[in-house]
Structures are given as structure tokens and as C-alpha cells.
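Visitor: Chains as they are written, first to last, in the numbering used here: chain P, 29 to 176; chain G, 14 to 253; chain S, 100 to 494. Ideal placement from N, C-alpha and C gives every residue a C-beta, glycine not left out. Fair warning: this is a prediction, and the values are worked out from it, not measured in the lab.
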């Protein structure tokens with residue numbers, strides 16, 4: 029992370045520890061951080077990955093986003109947001125049109141809702157599918173009559 | 014039919030029956046035999062290619078193992094094809110479409126399960142979205158194991174299918190192929206279609222044998238006579 | 100192009116009822132079984148006559164649940180699964196996975212192994228682009244229209260490449276030759292000479308390809324079709340040749356070197372056209388560049404061990420501790436990335452979550468932006484020029 033970006037981030041998000049490889053960001057800062065990074069030249073939308081972390085206090089979810097600057101050295105910034113039992117997060121679709129399908133995939137497989145998404149429906153599985161396969165409590169060999 | 018017998022590189026049963034007259038290059042044969050020969054050597058394939066095996070199927074139709082030499086031409090439409098080559102993993106979302114495409118194929122039709130995903134689902138078989146093998150949906154005539162099977166394997170499979178077609182046309186009963194044994198044979202969650210009913214084999218035989226020049230009427234009456242022997246075979250199969 | 104289609108090109112969710120009220124719209128489903136959709140992909144087209152007003156992609160017809168499956172597998176068991184995502188470039192997919200685990204564990208790969216990986220990756224790039232070229236021309240010409248001629252020429256070279264890979268790994272297709280910390284198979288004797296001979300043949304073949312496809316029809320069908328601006332490409336997350344065809348000079352091989360790319364000069368092919376023709380230009384230039392890189396790599400191929408400078412004694416003993424990180428390499432279709440969260444079952448022997456970042460899924464998102472305003476016959480050109488592989492899109 030170069031100095032100018034670090035300064036800009038420290039000024040805008042004082043609560044975020046910038047020494048981590050993957051920044052831990054509060055949910056409210058998710059969209060503003062992406063907007064700031066886009067201004068700073070991190071225009072390549074790389075990926076979004078949600079994961080399910082069951083624990084003794086209940087379900088937790090994590091949504092990680094990666095952005096990249098398409099220049100020499102290929103610097104990237106990854107950050108994650110930890111969400112509670114009813115996971116929902118601001119969609120990045122207004123900033124990055126690539127978030128459309130990516131966030132739909134995470135909605136489908138993990139069940140994290142993205143607020144402000146223009147078309148929040150399942151992507152990989154059929155629309156009448158029940159459950160989210162990548163949750164830890166979903167059995168991998170779930171039967172699906174009459175096909176399996 | 015004019016045939017230059019000197020240049021024949023192999024002895025086909027069709028030529029064996031031809032009248033060989035010195036100095037005359039005209040051979041006579043029965044229409045039935047000619048039809049068998051034509052049907053067997055023009056098995057057009059409909060590649061139901063979902064994944065990796067589709068690429069190897071393209072290679073099999075490419076220039077090294079040229080499947081055209083067996084009269085097998087890949088067709089993009091199910092309505093042009095005799096054989097469905099199921100190449101690749103079948104998913105729950107795709108399964109109804111595959112079944113529909115199979116139904117759109119005209120009789121007589123055969124099915125080849127190419128590759129381990131189409132045979133049993135391979136290591137995806139336990140996943141929530143994967144159908145464990147095409148034979149849980151459609152009766153399979155020839156199984157070609159491999160991940161993916163290469164062109165030679167596909168050729169051997171087509172050869173087996175040609176033999177089966179020839180036998181069916183002659184009215185002989187052909188024992189259905191079984192799912193190839195793997196080192197760790199895991200039974201599919203669903204029963205195989207061929208175990209439940211033999212109607213597809215019956216349909217194949219009917220369509221196959223009545224595709225002569227006799228017309229539909231004859232086809233119907235012919236069926237009754239011919240299926241008597243067939244039925245006993247089917248009962249034998251069902252009892253197993 | 101008629102400006103009436105511009106709102107649909109800017110925003111694929113633009114409501115259809117704002118289109119001309121008098122228009123007689125028709126709905127056309129293309130796929131999921133269609134010879135030109137490169138696998139099982141469905142495109143819902145809303146047509147006004149022959150002009151596309153709106154295109155909606157549907158995927159998931161090959162969703163095999165890989166990300167769920169790997170959560171139950173140890174790290175050593177996963178390599179054969181990874182080469183089945185993108186079945187046109189299995190080699191680079193394996194490498195993406197191997198690099199991800201090695202980065203997470205801090206394993207250093209021996210120099211010879213890095214060279215072998217680079218060589219295999221570059222040969223795979225040629226093979227992958229050859230398949231793209233054959234299907235692209237096949238889609239435009241059709242088997243009957245003479246498109247199959249190009250396929251026959253391309254597959255001649257692809258069979259050569261399969262032979263080379265088979266000599267190294269014992270398999271034509273799904274190689275399983277990478278292990279964590281290096282390579283499983285060393286190069287057999289005489290292999291380097293075989294590759295050199297192949298490269299000479301391949302270089303001559305490029306001119307043959309050009310003689311086959313360089314004609315006015317090809318230009319008319321590709322130039323100005325599927326124009327994708329650099330901003331749109333970056334926002335969609337499009338990488339690889341598709342991004343470089345939009346004029347963005349970015350290649351992970353040069354800009355964030357992995358394997359042994361820091362020891363050779365990579366001349367990145369960039370085209371400014373942004374259209375299907377530019378994507379064709381970039382891929383053709385990349386194949387020639389791969390031949391050049393391969394010659395350099397073969398010249399300076401070092402001797403030495405191929406696995407384990409910090410040895411991983413038993414493959415099943417690989418354990419990734421709790422933590423997370425994103426690693427990526429440049430494949431033939433773009434950035435193949437893995438988001439890996441360690442510390443899964445069996446004290447980290449299995450991953451907690453492994454997300455694969457497929458370049459093709461990002462490319463598919465472009466379809467609904469590029470198609471409005473084009474005719475139906477341009478669909479296969481735009482789709483073919485983006486070079487998607489459905490196994491990778493759906494995983």
C-alpha cells in the first residue's frame with residue numbers, strides 16, 4: 029500500500045487498522061471505502077467472496093472484496109466485513125458493474141443479501157432452490173428429487 | 014450398385030453376398046442389407062457436450078482420430094442425429110433439458126455415455142447439484158470410461174455401437190452393457206433406467222427393424238410378430 | 100448504431116417498457132444447448148426484428164459445487180479438481196491453486212520447478228488460444244461454411260501440444276502434475292528438443308492461419324462489433340486478453356511476476372480497437388509472444404531439484420493455519436485468483452473456504468452491455484471473442 033493511499037485511508041477511516049493484509053472494515057464503511065479506492069485508481073474489480081462462520085454465539089458471515097490498480101506492480105487492496113446472523117451489505121453495483129453477477133453468486137451460494145442490488149436473484153442454482161450450499165450446515169450430498 | 018471389387022481394402026459382409034461375375038462390375042444385394050449397412054455406417058452424433066469431454070470429443074472429430082471415417086458426423090441439432098454422446102457432467106439444472114433433447118431425437122436412437130462424469134458423476138457425484146450418471150435418466154447403450162476418454166476410446170465405443178446396431182437390425186438380442194466397474198464401485202443413489210424397464214431397447218429394435226421401404230402399415234403389423242421373441246428377452250432381463 | 104439502444108448498453112437493467120411502445124418485441128432463447136455458446140450457457144435475447152434490444156445471460160448449467168466439495172478435501176486431493184474448472188487450460192488452473200497454497204504457507208519453489216511451470220503455462224496459453232481461434236472461426240463460418248478448415252489446422256497443433264504434455268505428465272488432458280512446493284514430474288529426456296521442433300512448426304503455422312482467415316468477410320464481421328470501453332472492462336473485472344484489447348496495458352506476467360516470469364522479458368500485446376477484432380489481434384500476438392518466451396525459457400532452463408526446497412514431506416501433512424488471503428496468476432483468459440481461508444477441518448488440513456475467481460464469469464457479465472444494438476448474427480462473434488469457458492463460469 030503506497031503512502032498517498034495510506035494517508036487518504038487513515039484520514040477517512042481512522043478506526044481501520046491499516047497494517048493488516050486484509051483490512052477489517054465496519055459494514056458502514058464498506059461502500060465509502062470502495063468509492064475512495066476507485067478514486068485512488070483501484071478501478072479493476074477483482075472479486076467478492078462471502079463465507080459462513082458458525083460459532084457458539086450464532087452465525088457470523090464475512091464478505092471480502094478485492095480491488096486492484098491495473099498498473100506495474102499490480103497493487104491490490106483486500107478488505108473484509110464481518111456480519112451478523114442476518115447478513116446484508118451495501119451492494120457495490122453503482123461503482124463496479126461487475127458486482128452484478130458476483131454478488132448474485134454470493135447471494136445464491138452463501139445467502140448474503142446485497143442492498144441496492146438491481147436484480148437480487150439466484151445465479152448458479154435454479155430459482156426454486158432451497159438453502160444456500162456454501163453454508164456450513166448445508167449437507168454436500170443434499171438430495172434433489174427427482175434428479176439425485 | 015457399381016462396386017470396384019479390386020480396390021476393396023476389407024471384406025464387408027455386404028460384399029460377400031454380392032454376385033461376383035467376371036468382367037462385370039455390378040453387384041446385387043438385398044435392400045435390407047444395404048439399409049443395415051447404411052444405418053450402421055452413418056451414425057450421426059449429437060454431442061450433448063457439457064464440459065471437459067466435449068473438448069476431447071472435438072479432438073476425436075478432429076484430424077488425428079477422424080470419426081468421419083466411421084461415417085459419424087457431429088450434428089448440432091438433436092433432430093439430425095442417431096446417437097447422443099453424453100459428454101460431461103450432468104447437473105440438476107441441466108438434466109430436464111438433456112431429457113428434452115433426448116426426446117426430440119428421432120427413432121431409432123442410441124446413447125453413449127462418454128467419460129466418468131456421464132457414467133457415474135465421477136467425484137462430483139455426491140455434490141448437491143450433480144446427477145450421478147446419465148443412466149439414471151436415459152438408458153445407455155455404450156459406456157466409454159476415461160477422464161476424458163481419448164479419440165481411440167471413442168472410436169472403440171462407436172465400433173461397439175455399430176455392432177449392436179447391426180445385430181439389432183438382424184433381430185438378434187444384444188445384452189445391454191453394464192456400467193464399468195471402478196476400483197471403488199459406488200452404487201448410484203438412484204436406480205439405473207435400464208433396470209427399471211426395457212422399453213427403450215424395445216423401441217430401438219422396433220424402429221431399427223422397420224425402417225425398410227415397407228411403409229408404416231407394414232411396420233405396425235410387423236411389430237407384433239417381431240416383438241414376440243423380443244418380449245421373452247425383455248422378461249428375462251426384467252427378472253434379473 | 101442507433102442511439103435508441105444506448106440506454107440499454109449503459110445499463111442492462113434499463114426497463115424494457117421505455118423502449119418504443121409500438122415495437123413488436125420477440126423473445127429468443129439461445130441455449131443452454133447451442134453449438135456456439137461454448138458449453139451450456141443460456142442467453143435470453145429480446146429482439147426488435149433482428150436487432151437485439153436486451154440480452155440477459157443465465158448460467159449455472161454446469162454448477163458442480165466445487166467450492167463446497169473442496170471444503171471436504173485435503174490440500175493434496177484438490178489438484179485434480181482444479182484442472183477441471185477451465186478444461187481448456189487445465190495447467191494454469193492447477194498452477195493458480197498451487198501458488199495460492201504456497202503463498203499461504205510461505206513455501207519456496209525450486210528454480211527449475213518455476214521454469215517448468217512457466218514453460219507449461221506458456222504452451223498451455225498457445226493451446227488455449229488455438230482452441231479459441233478454432234471455435235471463433237467455427238462460430239462465424241460454421242462447419243458447412245468452411246469454418247471447420249481452421250479448426251482442423253488448429254487441432255493439428257493442439258494434438259502436438261497434447262503429445263508434449265502427455266510425455267511430461269502421462270495424461271493428454273487433466274494433468275495433475277503440480278504439487279504444493281514444486282512439480283510432480285520432471286521433463287523427460289529429449290522433451291526440450293521436441294518443444295523446439297514444435298515451436299518451429301507452430302511459427303510456420305501462424306502464417307497458414309493468417310492466409311486462411313485474413314479476408315474481407317472476417318474484417319466485416321469483427322470490426323466495430325462488441326465495442327467495450329476500458330472503463331467498462333475494468334469495472335466489470337475483465338482481465339487478460341479481453342482487457343488488453345480495450346487498450347489497458349496490464350498483464351500480471353509482467354506487472355506482478357509469478358513463476359519465472361521475472362527472469363524473462365514479457366512484451367505485452369495491447370490493442371486499442373476495443374472490438375472483437377482487437378481481441379483477435381491481441382490473442383494472435385500473444386501466441387507469437389508465447390513462442391518467443393518459450394524459446395528464451397528453454398535456453399536458460401536450469402538444472403536442479405523440482406520439488407521441495409522447504410520440503411513438504413507428506414502431501415497429506417499440508418496444513419494451512421487460520422488466516423485469509425487472495426493470490427492470483429495470469430491465465431490464458433485472465434486473472435485466475437483464489438480467496439483462501441485456512442483453518443478448516445482436521446486442524447487446517449482442509450480449507451475453510453476457497454473461492455475461485457474465474458475470469459470467464461466476469462467476461463460473461465459483459466454480454467448484456469455489448470449486445471444491444473447488434474444483430475442476432477453478432478451474438479456468436481461477441482461471445483466467441485470473449486472466449487468464455489463454462490466450466491469456469493459455473494464451477
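Output needed for residue 62 (chain P): all residues of its chain with C-beta closer than 8 Å, excluding positions within five of it in sequence on either side, in chain order.
Guide: For the purposes of this step, residue 62 (chain P) is taken as the residue at position 34 of the first chain. The answer, listed in chain order, is 93, 95, 120, 123, 124.
Visitor: Please list the partners that residue 79 (chain P) has in chain S, where partner means a Cβ-to-Cβ separation under 9 Å.
Guide: Along the first chain, read from residue 1 onward, the residue named residue 79 (chain P) stands at position 51. Near residue 79 (chain P) (Cβ distances below 9 Å), the residues of chain S are 423, 438, 440, 451, 452, 454.
Visitor: Which residue from S:290, S:284, S:477 puts its Cα closest to that of residue 406 (chain S)?
Guide: Numbered from its first residue, the third chain carries residue 406 (chain S) at position 307. Comparing C-alpha distances from residue 406 (chain S) to each of S:290, S:284, S:477 shows the shortest one belongs to S:284.
Visitor: In terms of DSSP beta bridges, what is residue 129 (chain S) paired with?
Guide: Position 30 of the third chain holds residue 129 (chain S). Beta-bridge pairing links residue 129 (chain S) to S:142.
Visitor: Please list the segments of the alpha helix (DSSP H) lying wholly inside the region 332-382 of chain S, counting only runs of 4 or more residues, in order along the chain.
Guide: 340-343, 351-354
Visitor: Using a C-beta to C-beta distance shorter than 7 Å, which residues of chain P count as neighbours of residue 167 (chain S)?
Guide: Within the third chain, the letter at position 68 stands for residue 167 (chain S). Going along chain P in sequence order, the residues near residue 167 (chain S) (Cβ under 7 Å) are 161, 162, 168.
Visitor: So, is residue 253 (chain S) buried or exposed, given that buried needs 16 or more other C-beta atoms within 10 angstroms?
Guide: Numbered from its first residue, the third chain carries residue 253 (chain S) at position 154. Within a 10 Å sphere around the beta-carbon of residue 253 (chain S) sit 16 or more other beta-carbons, which makes this residue buried.
Visitor: Relative to chain S, which residues along the region 114-129 of chain G have a C-beta separation below 7 Å, given in chain order?
Guide: 114
Visitor: Measure the C-alpha to C-alpha separation of residue 144 (chain S) and residue 126 (chain S) and round it to an integer number of angstroms.
Guide: Position 45 of the third chain, counting from 1, holds the residue named residue 144 (chain S). Position 27 of the third chain, counting from 1, holds the residue named residue 126 (chain S). For residue 144 (chain S) and residue 126 (chain S), the distance between alpha carbons rounds to 6 Å.
Visitor: Quick one: what does DSSP say residue 256 (chain S) is sitting in, helix, strand or coil?
Guide: Taking the first residue of the third chain as 1, we reach residue 256 (chain S) at position 157. Here residue 256 (chain S) sits in helix by DSSP.
Visitor: Check the C-beta distance from residue 104 (chain G) over to residue 141 (chain S) and give it rounded, since I have them as a contact under 8 Å.
Guide: Numbered from 1 along the second chain, position 91 holds the residue referred to as residue 104 (chain G). Numbered from 1 along the third chain, position 42 holds the residue referred to as residue 141 (chain S). Actually they are not in contact, since the Cβ atoms of residue 104 (chain G) and residue 141 (chain S) sit about 13 Å apart, beyond 8 Å.
Visitor: Check the Cβ of residue 347 (chain S) against every Cβ in chain P and list those closer than 7 Å, keeping chain order.
Guide: Position 248 of the third chain, counting from 1, holds the residue named residue 347 (chain S). Correct list: 98.
Visitor: According to DSSP, is residue 90 (chain P) part of a helix, a strand, or is it coil?
Guide: Indexing the first chain from 1 puts residue 90 (chain P) at position 62. Note: residue 90 (chain P) maps to strand in three-state DSSP.
Visitor: Check the Cβ-Cβ distances between residue 206 (chain G) and every residue of chain P, and say whether any is below 8 Å.
Guide: For the purposes of this step, residue 206 (chain G) is taken as residue 193 along the second chain, with counting starting at 1. In this prediction, residue 206 (chain G) has a pLDDT of 48, which is less than 50 and means its spatial position is unreliable; nothing more can be read from the coordinates.
Visitor: Strictly below 8 Å CB to CB, what residues from chain P border residue 140 (chain G)?
Guide: Position 127 of the second chain holds residue 140 (chain G). Correct list: 168, 169.
Visitor: Under 9 Å, CB to CB, which of the residues in the region 131-144 of chain S have a partner in chain P?
Guide: none
Visitor: Rounded to the nearest angstrom, what separates residue 92 (chain G) and residue 115 (chain G) at their Cα positions?
Guide: As a first step, residue 92 (chain G) must be located in the second chain, where it is residue number 79. As a first step, residue 115 (chain G) must be located in the second chain, where it is residue number 102. Roughly 9 Å separates the two Cα atoms.
Visitor: Skipping 5 residues on each side, what residues in its chain have a beta carbon closer than 6 Å to that of residue 221 (chain S)?
Guide: By 1-based counting over the third chain, the position of residue 221 (chain S) is 122. Closer than 6 Å at the Cβ level, and outside the excluded window around residue 221 (chain S), lie 389, 392, 393.
Visitor: Using a beta-carbon distance cut-off of less than 9 Å, what residues from the region 139-162 of chain P approach chain G?
Guide: 152, 153, 154, 157, 159, 161
Visitor: What do you get for residue 252 (chain G), buried or exposed, if any count of 16 or more other CB atoms within 10 angstroms of its CB means buried?
Guide: Position 239 of the second chain, counted from the start, is the residue given in the question as residue 252 (chain G). Any reading at residue 252 (chain G) must be qualified, since the residue scores a pLDDT of 46, below 50, and its modelled position is unreliable; the value itself is stated next. That one is exposed.
Visitor: Which of helix, strand or coil does DSSP assign to residue 186 (chain G)?
Guide: To locate residue 186 (chain G), count along the second chain from 1; it is residue 173. Here residue 186 (chain G) sits in coil by DSSP.
Visitor: Residues in the same chain with beta-carbon distance under 6 Å from residue 146 (chain S), minus the five sequence neighbours each way, listed in chain order, please.
Guide: Position 47 of the third chain holds residue 146 (chain S). Only 125, 127 meet the Cβ criterion.
Visitor: In the structure shown, what three-state DSSP assignment does residue 208 (chain G) receive?
Guide: Locating residue 208 (chain G) in the second chain gives position 195, where the first residue counts as 1. Because residue 208 (chain G) sits at a pLDDT of 42, beneath the cut-off of 50, its placement in the model cannot be relied upon, and the following sentence gives the value as read from the coordinates. Correct three-state label for residue 208 (chain G): helix.
Visitor: Would you call the CB atoms of residue 458 (chain S) and residue 339 (chain S) closer than 8 Å?
Guide: Translated into the one-based positions of the third chain, residue 458 (chain S) becomes position 359. Translated into the one-based positions of the third chain, residue 339 (chain S) becomes position 240. Yes; because the gap between Cβ atoms is below 8 Å, this pair is in contact.
Visitor: If you measure from the beta carbon of residue 106 (chain P) to each beta carbon in chain S, is any gap under 8 Å?
Guide: Taking the first chain and counting its residues from 1, the one referred to as residue 106 (chain P) is at position 78. Yes, residue 106 (chain P) lies at the interface with chain S (some Cβ there is under 8 Å from its Cβ).
Visitor: Just how far apart, CA to CA, sit residue 426 (chain S) and residue 173 (chain S)?
Guide: Taking the first residue of the third chain as position 1, residue 426 (chain S) is located at position 327. Taking the first residue of the third chain as position 1, residue 173 (chain S) is located at position 74. Computed Cα separation, rounded: 19 Å.
Visitor: Counting only beta-carbon atoms, is residue 182 (chain P) nearer than 8 Å to chain G?
Guide: This structure does not reach residue 182 (chain P), given that chain P is present from 29 up to 176, and the question cannot be answered.
Visitor: Quick one: does residue 108 (chain G) have its CB under 8 Å from some CB of chain P?
Guide: The residue given as residue 108 (chain G) occupies position 95 in the second chain. Chain P, which has a Cβ nearer than 8 Å to the Cβ of residue 108 (chain G), makes this yes.
Visitor: Mind listing, in chain order, the continuous beta strand (DSSP E) runs of no fewer than 3 residues lying wholly within the region 109-140 of chain G?
Guide: 123-127
Visitor: Should the region 376-390 of chain S be called in touch with the region 334-351 of chain S, which here means at least 3 C-beta pairs below 8 Å?
Guide: With a cut-off of 8 Å, the region 334-351 of chain S and the region 376-390 of chain S count as touching, because enough Cβ pairs lie within range.
Visitor: Could you run through the region 148-159 of chain S and flag, in chain order, every residue whose CB is less than 7 Å away from some CB of chain P?
Guide: Cβ contacts with chain P come from 158, 159.
Visitor: Quick one: give me the first and last residue of the alpha helix (DSSP H) that residue 154 (chain G) is part of.
Guide: Indexing the second chain from 1 puts residue 154 (chain G) at position 141. Element bounds for residue 154 (chain G): n/a, residue is neither H nor E.
Visitor: Any chance you could list the beta strand (DSSP E) runs of at least 3 consecutive residues sitting entirely within the region 86-162 of chain P, in chain order?
Guide: 86-96, 104-111, 116-118, 141-143
Visitor: How about residue 249 (chain S) and residue 316 (chain S): do their beta carbons lie closer than 8 Å?
Guide: The residue labelled residue 249 (chain S) in the question sits at position 150 within the third chain. The residue labelled residue 316 (chain S) in the question sits at position 217 within the third chain. No; because the gap between Cβ atoms is not below 8 Å, this pair is not in contact.
Visitor: Following the continuous alpha helix (DSSP H) through residue 228 (chain S), name the residue where it begins and the one where it ends.
Guide: Reading the third chain from its first residue, position 129 is the one you call residue 228 (chain S). Residues 210-240.
Visitor: Measure the alpha-carbon distance for residue 454 (chain S) versus residue 88 (chain P) and round it to whole angstroms.
Guide: Position 355 of the third chain, counted from the start, is the residue given in the question as residue 454 (chain S). Position 60 of the first chain, counted from the start, is the residue given in the question as residue 88 (chain P). Taking the straight line from one Cα to the other gives about 18 Å.
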